[in-house]
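Note sheet for the following structure.
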Amino acid sequence: MQIHDTPTLKAEARNLNFFYGEAKALKNINMPIYDKKVTALIGPSGCGKSTYLRSFNRMHDLYPGNRYEGEIRFFPDNTNLLSPEVDPIEVRMRIGMVFQKPNPFPKTIYENVAYGLRVRGENNKRVLDDKVEHALKGAAIWEEVKDRLQDLAPNLSGGQQQRLCIARALATDPELLLFDEPTSALDPIATGAIEELVHELKKRVTILIVTHNMQQAARVSDYTAYMYLGEMIEFGKTDEIFIKPQDKRTEDYITGRMG
Amino acid sequence: MNESQHLSSQFDEDLSRLRTHVLQMGGLVETQVSAAIEAYATGEIASVKTIVETDRKVNELEKAIDDDCAHIIAKRQPTASDLRLVLGISKIVTDLERAGDEAKKIAKGVRRIYEGGHLPGQYGVGVRHLAEAALAMVRQALDAFARLDTPQATNVIRADTDVDVEFKSIIRQLITHMMEDPRTITTSIDIISIARAIERIGDHAKNVSEQVVYIVEGRDIRHTKEKVQ
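Okay, here's the thing in structure tokens:
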């Protein structure tokens with residue numbers, strides 16, 4: 044029996060600053076991401092939580108004028124994800140992302156999942172079949188689509204599309220999954236399915252999730268970070284944050300006292 | 005405790021109504037306890053009926069407040085200090101209701117003693133003092149809840165130790181009486197049950213105060229020794 048629950052680090056932001064041109068969007072963020080745990084980022088719109096999330100897979104590199112300072116260390120190899128020597132494509136192989144709105148490719152269900160593997164150079168049909176099935180099962184959508192893998196993905200329902208996107212992200216065996224409000228476009232049933240899935244997924248992958256739904260953060264996460272105006276105000280165990288937050292600003296936000 | 009307003013004014017109203025109802029219920033229980041003590045001292049057993057009737061109102065309020073708590077949880081999903089307030093209140097009303105029941109027991113015991121042609125004061129020296137102390141605890145606990153005042157709540161928790169000590173000494177004294185003169189046994193047993201009820205009222209006031217500390221500070225100090233800091 045483990046007496047002290049001391050999770051291992053999967054990643055850690057160290058003195059992280061981020062600039063959109065002149066505008067400083069992240070201010071000296073220091074925060075651990077624990078291995079095989081779910082960490083939720085909460086905070087009002089514009090607080091920097093999505094900016095922070097996107098730093099992990101170097102999405103900001105796609106636009107000129109964006110600039111990082113500080114580090115995001117990724118373990119066990121202790122790579123600085125933000126280092127210019129680190130190839131963003133390699134980073135994205137290890138860190139998958141799921142967006143607010145489901146965004147399947149206008150291809151078949153099968154090809155959506157196989158795409159990342161093909162990009163990696165995998166062309167063996169049997170290997171692809173195996174991995175596609177494995178990823179679809181991992182995303183709890185296999186039973187619904189196994190007989191129609193050649194159907195076009197955009198014909199699936201919203202909730203199915205989102206799970207397909209999760210399967211697509213899982214196909215390359217990522218170590219960290221980034222979820223940017225993954226259920227904000229879904230109905231309560233589809234949302235429940237995704238939350239259940241998050242719970243399953245954390246057995247094998249670390250998850251960082253941005254959500255506007257406070258109850259969702261409380262339900263799915265082990266750790267919660269509250270961000271406000273680009274700063275990380277409070278980080279702690281979810282159970283503690285939602286019952287006895289240490290900072291008045293966190294308290295005001297989660298109890299619905301802030302404009 | 006967070007005094008700033010919610011974005012939803014309706015939520016503020018819900019919570020404030022909840023607090024008002026608890027204080028209303030507390031007020032009724034306080035009256036019950038105080039009337040029971042008065043009956044004990046004066047033999048004014050007509051008030052026993054009023055105490056029993058008040059108990060019905062107290063019971064109704066307990067149910068209504070619990071129902072409101074359930075509605076707030078279902079509708080608002082309270083968190084942090086709001087959650088602690090709702091949970092704390094739901095426990096507080098249980099203790100208040102039980103304190104009311106104890107007052108009823110006192111009143112009925114008093115009636116038995118007087119109807120048996122005895123005077124409780126003959127044997128139950130110190131019961132009156134014990135009762136005053138317990139009543140003061142109830143008042144202070146309600147006050148601590150109304151103002152969310154933890155130092156005040158802490159005082160109540162401390163006072164409970166004194167009430168417990170005093171209760172034990174009354175019991176010892178009654179046992180002596182009973183051994184010396186078996187004719188006092190019937191009355192003494194009634195007085196013991198009265199003293200026990202008073203002591204329980206003190207316990208309930210202490211429990212209410214512990215919930216006040218939980219609501220304000222998020223610390224659960226029940227069943228701990230280091231409660232008074």
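Protein chains in written order, with the working numbering: chain A, 44 to 302; chain B, 5 to 233. Cβ atoms here follow ideal geometry from the backbone N, Cα and C, with glycine treated the same way.
Residue i burial status per 10 Å Cβ neighbour count (16 or more: buried)
| i | result |
| --- | --- |
| S85 (chain B) | buried |
| V162 (chain A) | exposed |
| L168 (chain A) | Just to set this straight, residue 168 (chain A) is Lys in the shown sequence, not Leu. The residue is exposed, with fewer than 16 neighbouring Cβ atoms inside 10 Å. |
| D295 (chain A) | buried |
| G86 (chain A) | buried |
| R187 (chain B) | exposed |
| G64 (chain A) | exposed |
| V160 (chain B) | buried |
| D71 (chain B) | exposed |
| N211 (chain B) | buried |
| G237 (chain B) | Lying before the first or after the last residue shown, residue 237 (chain B) is absent from chain B, which here runs from 5 to 233. |
| I115 (chain A) | buried |
| Q233 (chain B) | A caution first: Q233 (chain B) carries a pLDDT of 49, below 50, which makes its placement in the model unreliable, though a value can still be read off. So Q233 (chain B) counts as exposed. |
| N58 (chain A) | exposed |
| Q215 (chain B) | buried |
| I232 (chain A) | exposed |
| N326 (chain A) | This structure gives no information on residue 326 (chain A), because the portion of chain A shown stretches from 44 to 302. |
| D99 (chain B) | buried |
| E128 (chain A) | exposed |
| Y271 (chain A) | buried |
| L240 (chain A) | buried |
| E133 (chain A) | exposed |
| M102 (chain A) | buried |
| P155 (chain B) | exposed |
| K229 (chain B) | exposed |
| A66 (chain A) | exposed |
| Y106 (chain A) | exposed |
| T46 (chain B) | exposed |
| T49 (chain A) | exposed |
Proximity below 9 Å, CB of residue i to CB of residue j
| i | j | result |
| --- | --- | --- |
| A54 (chain A) | L219 (chain A) | yes |
| G273 (chain A) | K144 (chain A) | no |
| S98 (chain A) | L125 (chain A) | yes |
| S12 (chain B) | G202 (chain A) | no |
| P149 (chain A) | A196 (chain A) | yes |
| T254 (chain A) | I76 (chain A) | no |
| A228 (chain A) | N155 (chain A) | no |
| Q193 (chain A) | I138 (chain A) | no |
| D18 (chain B) | I76 (chain B) | yes |
| F222 (chain A) | I252 (chain A) | yes |
| A39 (chain B) | S51 (chain B) | yes |
| S94 (chain B) | A157 (chain B) | no |
| H2 (chain B) | R102 (chain B) | Residue 2 (chain B) falls outside the range modelled here, since chain B spans only 5 to 233, and no answer is possible. |
Distance between residue j and residue i (C-alpha atoms, nearest Å)
| i | j | result |
| --- | --- | --- |
| L179 (chain A) | A214 (chain A) | 8 Å |
| L244 (chain A) | G181 (chain A) | 7 Å |
| T293 (chain A) | I205 (chain B) | 38 Å |
| D164 (chain B) | F62 (chain A) | 59 Å |
| G30 (chain B) | Q177 (chain B) | 32 Å |
| K174 (chain A) | I276 (chain A) | 41 Å |
| Q45 (chain A) | T51 (chain A) | Its pLDDT being 47, under 50, Q45 (chain A) is placed unreliably by the model, and nothing is read from it. |
| K67 (chain B) | A74 (chain B) | 11 Å |
| Q36 (chain B) | G130 (chain B) | 20 Å |
| T24 (chain B) | E57 (chain B) | 21 Å |
| S173 (chain B) | G121 (chain B) | 26 Å |
| V220 (chain B) | I179 (chain B) | 43 Å |
| A78 (chain B) | L146 (chain B) | 27 Å |
| S8 (chain B) | E34 (chain B) | 30 Å |
| V142 (chain B) | A135 (chain B) | 11 Å |
| A268 (chain A) | G89 (chain A) | 15 Å |
Anticipated Cβ contact below 8 Å, residue i with residue j, distance rounded
| i | j | result |
| --- | --- | --- |
| V81 (chain A) | V263 (chain A) | 6 Å |
| Q205 (chain A) | I237 (chain A) | 6 Å |
| F237 (chain B) | I96 (chain B) | Residue 237 (chain B) falls outside the range modelled here, since chain B spans only 5 to 233, and no answer is possible. |
| D194 (chain B) | I117 (chain B) | 5 Å |
| A111 (chain B) | A43 (chain B) | 6 Å |
| F278 (chain A) | I297 (chain A) | F278 (chain A) to I297 (chain A), Cβ: 14 Å. No contact. |
| K287 (chain A) | G222 (chain B) | 3 Å |
CB contact below 9 Å: residue i versus chain D
| i | result |
| --- | --- |
| A261 (chain A) | As a matter of chain content, chain D is missing from the structure shown, whose protein chains are A and B. |
Any non-hydrogen atom of the ligand GTP within 8 Å of residue i CB
| i | result |
| --- | --- |
| I132 (chain A) | The model depicted lacks the ligand GTP and carries no ligand whatsoever. |
Practice prompt. Within the stretch 6 to 84 of chain B, note down every full beta strand (DSSP E) run reaching 3 residues or more, in order along the chain.
Written response: Correct list: empty.
Practice prompt. Only counting runs of 3 or more residues, tell me where the beta strand (DSSP E) segments fall wholly within the stretch 88 to 169 of chain A, in order along the chain.
Written response: 109 to 117 and 138 to 141, all fully within the stretch 88 to 169 of chain A.
Worksheet item: In chain order, which alpha helix (DSSP H) runs of at least 4 residues are fully inside the stretch 180 to 223 of chain A?
Response: Segments of the alpha helix (DSSP H) lying fully in the stretch 180 to 223 of chain A: 185 to 188 and 201 to 213.
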